[in-house]
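>
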Amino acid sequence: MHSAADPCAQPQLMHPDQAIPTLLAQVNVIEGTEVVQLSHALNRVLAEDLASCIDLPPFNNSAMDGYAFNLADLAEDKPLRLIGQSFAGHPYHGECSANTCIRIMTGAPLPQGYDTVQMQEKVRVDGDDIYIEAPQQVGENVRKRGEELTSGAKVLSKGTQIGAAEMGVLATIGASQFLVYRQLKVAFFSTGDELRPVGSELAQGQIYDSNRYSIQGLVSKANVEWIDMGVIADDPEAIRQAFRNAAAKADMVITSGGVSVGDADYTKQILEEEGQINFWKLAIKPGKPFAMGHIGKAVFCGLPGNPVSSMVTFYKLVLPLIQKMQGLPVTQPLLVTATLTDSIRKHPGRVEYQRGVLSRDQQGQLHVATTGSQGSGMLTSMSVANCFIILEQMQGNTDAGTMVTVEPFNSVLC
Ligand code: AMP
Ligand code: MG
Numbered sequence: 491m492h493s494a495a496d497p498c499a500q501p502q503l504m505h506p507d508q509a510i511p512t513l514l515a516q517v518n519v520i521e522g523t524e525v526v527q528l529s530h531a532l533n534r535v536l537a538e539d540l541a542s543c544i545d546l547p548p549f550n551n552s553a554m555d556g557y558a559f560n561l562a563d564l565a566e567d568k569p570l571r572l573i574g575q576s577f578a579g580h581p582y583h584g585e586c587s588a589n590t591c592i593r594i595m596t597g598a599p600l601p602q603g604y605d606t607v608q609m610q611e612k613v614r615v616d617g618d619d620i621y622i623e624a625p626q627q628v629g630e631n632v633r634k635r636g637e638e639l640t641s642g643a644k645v646l647s648k649g650t651q652i653g654a655a656e657m658g659v660l661a662t663i664g665a666s667q668f669l670v671y672r673q674l675k676v677a678f679f680s681t682g683d684e685l686r687p688v689g690s691e692l693a694q695g696q697i698y699d700s701n702r703y704s705i706q707g708l709v710s711k712a713n714v715e716w717i718d719m720g721v722i723a724d725d726p727e728a729i730r731q732a733f734r735n736a737a738a739k740a741d742m743v744i745t746s747g748g749v750s751v752g753d754a755d756y757t758k759q760i761l762e763e764e765g766q767i768n769f770w771k772l773a774i775k776p777g778k779p780f781a782m783g784h785i786g787k788a789v790f791c792g793l794p795g796n797p798v799s800s801m802v803t804f805y806k807l808v809l810p811l812i813q814k815m816q817g818l819p820v821t822q823p824l825l826v827t828a829t830l831t832d833s834i835r836k837h838p839g840r841v842e843y844q845r846g847v848l849s850r851d852q853q854g855q856l857h858v859a860t861t862g863s864q865g866s867g868m869l870t871s872m873s874v875a876n877c878f879i880i881l882e883q884m885q886g887n888t889d890a891g892t893m894v895t896v897e898p899f900n901s902v903l904c
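Under the numbering used here, the first residue of the sequence shown carries the number 491, and numbering increases by one thereafter.
1) Just how far apart, CA to CA, sit Gln502 and Leu528?
2) Rounding to the nearest angstrom, what Cα-Cα distance links Gly682 and Ile722 in this structure?
3) So, are the CB atoms of Gln822 and Leu761 less than 8 Å apart?
4) Check whether the Cβ atoms of Arg686 and Gly522 lie closer than 8 Å to each other.
5) Which residues in the same chain have their Cβ closer than 7 Å to the Cβ of Pro797, if we skip the five residues on either side of it in sequence?
6) Determine the closest residue to Tyr557 out of Gly792, Ala654, Ile620, with distance taken between C-alpha atoms.
7) Curious, which full-length beta strand (DSSP E) runs of at least 3 residues does the stretch 732-772 contain?
8) Under three-state DSSP, which class holds Ser873?
9) Ser493 to Ala509, Cα distance in whole Å?
10) Would you kindly report the start and end of the unbroken alpha helix (DSSP H) that includes Arg702?
11) Start and end of the beta strand (DSSP E) containing Glu715?
12) Tell me whether the stretch 649-658 and the stretch 720-738 touch, counting them as touching only if at least three CB pairs, one residue from each stretch, are closer than 8 Å.
13) Could you check what DSSP says for Tyr604 in three-state terms: helix, strand or coil?
14) Figure out for me which residue from Gly574, Ser647, Ala643 has the closest Cα to the Cα of Asp618.
15) Just checking my contact of Leu793 with Thr831 at CB under 8 Å: how many whole Å lie between their CB atoms?
16) Kindly list the residues whose CB is nearer than 8 Å to the CB of Asn550, restricted to its own chain and excluding five residues on each side of it in sequence; keep chain order.
17) Measure the Cβ-Cβ separation of Val896 and Thr803 and say whether it is below 8 Å.
18) So, for Pro726: in the same chain, excluding its five sequence neighbours on each side, which residues have a beta-carbon less than 7 Å away from its beta-carbon?
19) Pull up the CB-CB distance for Asp605 and Leu561, whole angstroms please, since I reckon it's below 8 Å.
20) Looking at Gly795 and Gly748, is the spacing between their C-beta atoms short of 8 Å?
21) State the beta-bridge partners of Gly616 as determined by DSSP.
22) Under a Cβ-count criterion, where at least 16 other Cβ atoms within 10 Å of its own Cβ denotes burial, should Met893 be classed as buried or exposed?
23) Could you compute how far the alpha carbon of Gly481 sits from the alpha carbon of Ser587?
24) Excluding the 5 residues flanking Lys814 on each side, which residues of the same chain have their C-beta closer than 8 Å to its C-beta?
25) Below 8 Å CB to CB, which residues in the same chain sit around Met491 once its five sequence neighbours on both sides are set aside?
26) Going along the chain, which residues of its own chain have a beta-carbon closer than 8 Å to the beta-carbon of Pro547, five neighbours each way excluded?
27) Tell me the DSSP bridge mates of Ala781?
28) Is it buried or exposed, Arg459, if we count other Cβ atoms within 10 angstroms and call 16 or more buried?
29) Helix, strand or coil for Met595, going by three-state DSSP, please let me know.
30) Here's the rule I'm using: 16 or more other beta-carbon atoms within 10 Å means buried, otherwise exposed. How should Gln816 be labelled?
31) Using C-beta distances below 6 Å, list every residue in its chain close to Val808, excluding the 5 sequence neighbours before and after it, in chain order.
32) Consider the C-beta atom of Tyr745 and the heavy atoms of the ligand MG; say whether any pair is separated by less than 7 Å.
33) Under 6 Å Cβ to Cβ from Ser849, same chain only, skipping five residues before and after it: list those, please.
Set out below in structure tokens:
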């Protein structure tokens with residue numbers, strides 16, 4: 491059920507669609523490139539356009555295991571005489587006289603004198619007499635030199651992230667090393683007197699610092715060089731020092747905690763003294779408070795402390811900044827629609843990213859269930875979930891059976 495009414499809208503909150511471009515305008519691609527060897531290039535971002543120095547394929551070759559010949563020779567309806575063979579890596583160097591053929595294997599060079607290949611299943615062999623079922627046209631089953639790429643053509647553009655396919659493409663054109671952006675350095679720390687590192691005992695009122703580990707996971711997947719700066723107590727001087735250290739070491743500093751209303755004022759005050767920071771109130775749930783700006787030369791992102799909020803704000807607000815700084819295009823999530831299987835209570839006012847489990851039934855229809863309680867401190871909901879259920883800002887309670895927008899984790903459009 492959609493509610494167009496506006497009883498709970500919070501006009502002072504900024505919609506994420508408006509906030510993201512504003513945040514992106516405040517960061518630039520990092521300066522600095524380095525030469526990387528192909529075997530170490532996975533996930534790196536190209537800092538140059540790459541052209542091929544060779545034709546692809548580099549020579550005419552067979553797409554099939556079969557026989558190579560001139561199609562015109564089949565007109566007489568007589569067998570062709572077998573005069574040799576061309577295997578991958580072992581070309582045929584002899585003459586290609588009239589009414590002859592050679593055995594040829596997939597990937598083997600097609601001799602200059604022949605124009606066509608027939609697959610072996612359509613050939614009858616009688617000693618050296620080869621009876622070939624005529625293919626439809628000249629050039630059948632031949633992969634022509636340069637049909638994929640000609641020498642000098644651009645193969646990969648600056649800003650391309652090197653994945654498995656690109657690793658292979660680069661090898662295909664013989665590129666053993668090339669220019670990539672240096673890796674983005676991201677330092678992060680948690681703030682809060684209640685936080686204890688894993689491996690220690692918890693006293694009354696203490697909890698384990700989980701954000702540092704989820705942030706480590708998030709930034710690792712974003713292929714940055716990360717620096718874990720630990721937990722910083724709610725102490726003004728310790729926090730000031732931590733901001734300075736982190737900003738001196740990294741291109742981006744991410745903290746969690748200390749940016750929500752009610753936190754000791756000094757965090758905000760110190761940030762304002764140390765850098766140029768905006769404190770955002772965003773119309774997203776979870777994750778309303780978010781700080782972003784610069785400390786020294788470093789970009790600063792202050793995530794809310796609640797564990798789900800920190801992950802959601804990372805995905806929605808920090809990841810686009812990282813992508814831009816890395817020289818990458820900012821990815822768009824792939825959105826699908828699915829039938830909601832349980833009802834959701836929601837107040838109009840904020841875009842909600844509820845944690846959901848998306849599944850496909852036997853008819854191929856998509857269904858999505860919430861993971862249950864959606865408290866922003868319940869991190870297990872992120873682990874159980876495989877998607878966000880996105881409920882628009884003015885949407886209210888939503889009944890089971892409604893079609894809803896779903897963002898599967900790890901799926902992007904570009
Ligand atoms: P804060 O944003 O500092 O007001 O924290 C909001 C809530 O998140 C509080 O319940 C904190 O205890 C909790 N929290 C803050 N930082 C972390 C962290 N690193 N790991 C787990 N919980 C945290
Ligand atoms: Mg705190």
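Every residue, glycine too, gets a C-beta built ideally from N, C-alpha and C. Predicted model only: the values in this text are computed from it and were never measured.
Result, derived from the coordinates:
1) Using only the alpha carbons, I get a separation of about 50 Å.
2) Spanning the two alpha carbons is a distance of roughly 7 Å.
3) The Cβ atoms of Gln822 and Leu761 do not sit closer than 8 Å to each other.
4) No, the Cβ-Cβ distance between Arg686 and Gly522 is not below 8 Å.
5) Excluding sequence positions up to five before and after Pro797, its CB lies within less than 7 Å of the CB of Ser700, Asn701, Ser704, Gly867, Leu869, all in the same chain and listed in chain order.
6) The residue with the shortest Cα to Cα distance from Tyr557 is Ile620.
7) For the stretch 732-772, the continuous beta strand (DSSP E) assignments of 3+ residues that do not extend past its boundaries occur at 742-746, 765-771, in sequence order.
8) It is helical.
9) Below a pLDDT of 50, predicted positions are generally treated as unreliable, and Ser493, at 39, falls in that range; the measurement from the model is reported next regardless. Going by the C-alpha atoms only, they are around 24 Å apart.
10) Per DSSP, Arg702 belongs to the alpha helix (DSSP H) from 701-711.
11) 715-722 is the extent of the beta strand (DSSP E) around Glu715.
12) No, they do not touch.
13) DSSP places Tyr604 in the coil class of the three-state scheme, outside both helix and strand.
14) Ranking Gly574, Ser647, Ala643 by Cα distance to Asp618 puts Gly574 first.
15) About 31 Å; that fails the 8 Å criterion.
16) Within the same chain, Asn550 has close Cβ partners Pro599, Leu600, Val632, Arg633, Lys634, Arg635.
17) No; because the gap between Cβ atoms is not below 8 Å, this pair is not in contact.
18) So the list reads Tyr756, Ile760, once near-sequence residues are dropped.
19) Right, their Cβ atoms sit about 6 Å apart.
20) Yes. Within cutoff.
21) Checking the sequence shown, residue 616 turns out to be Asp, not Gly. DSSP output for Asp616 lists Asp619 as bridge partner(s).
22) With fewer than 16 other Cβ atoms inside 10 Å of its own Cβ, Met893 counts as exposed.
23) Nothing can be reported for residue 481, as the shown portion of the chain is limited to 491 through 904.
24) Once the five neighbours on either side are set aside, the close Cβ partners of Lys814 are Leu514, Val517, Asn518, Val519, Val820.
25) Confidence at Met491 is low in this model, with a pLDDT of 38, below 50, so its placement is unreliable and the value that follows should be read with caution. Excluding sequence neighbours, Met491 sits near Gly886, Asn887, Thr888, Asp889, Thr892.
26) Taken in chain order, the residues that qualify are Arg633, Lys634, Arg635, Gly636, Glu637, Glu638.
27) Answer by DSSP bridge pairing, in chain order: Phe769, Gly792.
28) Outside the displayed span of the chain (491 to 904) sits residue 459, for which this structure offers no information.
29) Residue state, collapsed to three classes: coil.
30) By the Cβ-count criterion, Gln816 is buried, with 16 or more other Cβ atoms from all chains shown falling within 10 Å of its own Cβ.
31) Close CB contacts of Val808 within its chain, under the 6 Å cut and outside five residues either way in sequence, are with Cys791 (chain order).
32) Correcting the residue identity first, residue 745 is Thr in this sequence and not Tyr. Thr745 Cβ: outside cutoff for every heavy atom of the ligand MG.
33) Closer than 6 Å at the Cβ level, and outside the excluded window around Ser849, lie His857.
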